[in-house]
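A quick write-up on the structure given underneath.
In our numbering, the protein residues as written are 11 to 116.
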């Protein structure tokens, strides 16, 4: 019986849609944009990820620090949004729109 209750609590926790430490969508979108841009820069400059992995990791940390976000907050928020298909698709569409506007200088 204890196992059943414990299992039920775990399922309830896993299925919870609300997470108190999830970054707001706009903040998440900003971080996704900055991370995409830095990843793209390193990929275009160096080609092989093995060449720039440690530098890229440092860049991630700097982006998070500059935005007042911890690695844990970002990872938990990303996991949360990734588990919400409608929200993550909306974020990805908005990210593409923002990147396209930057590309054409609008």
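Using N, Cα and C, we set each Cβ at its ideal position, and we do this for glycine too. All values derive from a computational prediction rather than experimental measurement.
Asked                                                                                                                                 : Found
Three CB pairs or more closer than 8 Å across the stretch 90-100 and the stretch 66-82                                                : no
N- and C-terminal bounds of the alpha helix (DSSP H) containing residue 67                                                            : 59-76
Whole-angstrom distance between residue 44 and residue 57, CA atom to CA atom                                                         : 19 Å
Local Cβ density within 10 Å of residue 41, reported as buried at 16 or more and exposed below that                                   : buried
Contacts around residue 66, its chain only, beta-carbon distance under 6 Å, and the 5 residues preceding and following it disregarded : 52
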